[in-house]
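Engineer:
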Amino acid sequence: MAESAASHTTAPTRRDFLTLLTAATGAVAAGAILWPVIDALNPDAASEDAARLIVNVADIAEGTAKTVQWAGLPITIRKLTTAETQANEFVVPESLPDPAGYTSRVNAGYPAFVVVVGLNTATPCTLEGDAASDPRGDFGGWVCPCDGSEYDPLGRVRKGPATKNLAIPRYSFLDAAQIKLG
Ligand code: FES
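Numbering (my numbering), first residue to last: -1 to 180.
1. What's the C-alpha gap between residue 151 and residue 161?
2. Is it the case that the stretch 18 to 30 contacts the stretch 136 to 153, given that we only count it when at least three CB pairs across the two stretches are under 8 angstroms?
3. Go to residue 54, then tell me how far its beta strand (DSSP E) extends in each direction, as first and last residue.
4. Check whether the stretch 50 to 70 touches the stretch 83 to 96, counting contact only when three or more Cβ pairs, one atom from each stretch, lie closer than 8 angstroms.
5. What I want to know is whether the C-beta of residue 121 ends up closer than 7 angstroms to one or more non-hydrogen atoms of the ligand FES.
6. Need the endpoints of the beta strand (DSSP E) that residue 65 sits in, please.
7. Please state whether the Cβ-Cβ distance between residue 113 and residue 75 is less than 8 angstroms.
8. Kindly indicate which residue of 145, 56, 91 has the alpha-carbon position closest to the one of residue 157.
9. Can you tell me the Cα-Cα spacing of residue 174 and residue 78, whole angstroms?
10. For the ligand FES, any of its heavy atoms closer than 7 angstroms to the Cβ of residue 143?
11. Please state whether DSSP places residue 104 in a helix, a strand or coil.
12. For residue 177, count the other beta carbons within 10 Å of its own beta carbon; 16 or more makes it buried, fewer makes it exposed. Which is it?
13. Please classify residue 90 as buried or exposed, where buried requires at least 16 neighbouring CB atoms within 10 angstroms.
14. Could you tell me which residues DSSP puts in a beta bridge with residue 179?
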């Protein structure tokens, strides 16, 4: 019995070899055809650069903000005054329509700067409040004079039909004077 099972394990035939070779060649050919297609899906350097924007924040005076366009959106960068920081730092998050603490709205390394998408989360309009002379409502941030939505300087909704805080885009600080969006 044992002898007959061993005699059935035969050396690979020429046919086996050709089958393997054909399969390997096919795989390489498929790879050679598919790779350019796959590679074309990768973002090229130009579109990666377009997806990022470096913004100078050194020219933003305390208590004011500037808005730049990035990825089709108005991105607003605001520099807080000491008084604005003190007035908002210890607000109880649970007391807000969309709970968010101070530290979740700023970068730990540069807590005087607030970076938000400057679009009202109710009526998606461009808000007023960048300039110190602009109307800023009861909470000193941004307002939509049309629907009455009001935000504090951290972009947290405080009043009006809006129920969500201003969105925070993906950004990072390169240094104290520059941020990178994207
Ligand atoms: S709809 Fe917001 S400013 Fe008019």
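Where is the CB? At the ideal position from N, CA and C, for every residue including glycine.
Structural biologist: So, to answer that:
1. 16 angstroms
2. no
3. Looking at the DSSP string, the run of the beta strand (DSSP E) that includes residue 54 is 51 to 54.
4. no
5. yes
6. 63 to 68
7. Yes, the pair counts as a contact, with Cβ atoms nearer than the cut-off.
8. 145
9. 14 angstroms
10. yes
11. coil
12. buried
13. Looking at its Cβ environment, which holds fewer than 16 other Cβ atoms inside 10 Å, residue 90 is exposed.
14. BP columns for residue 179 point to 51, 169.
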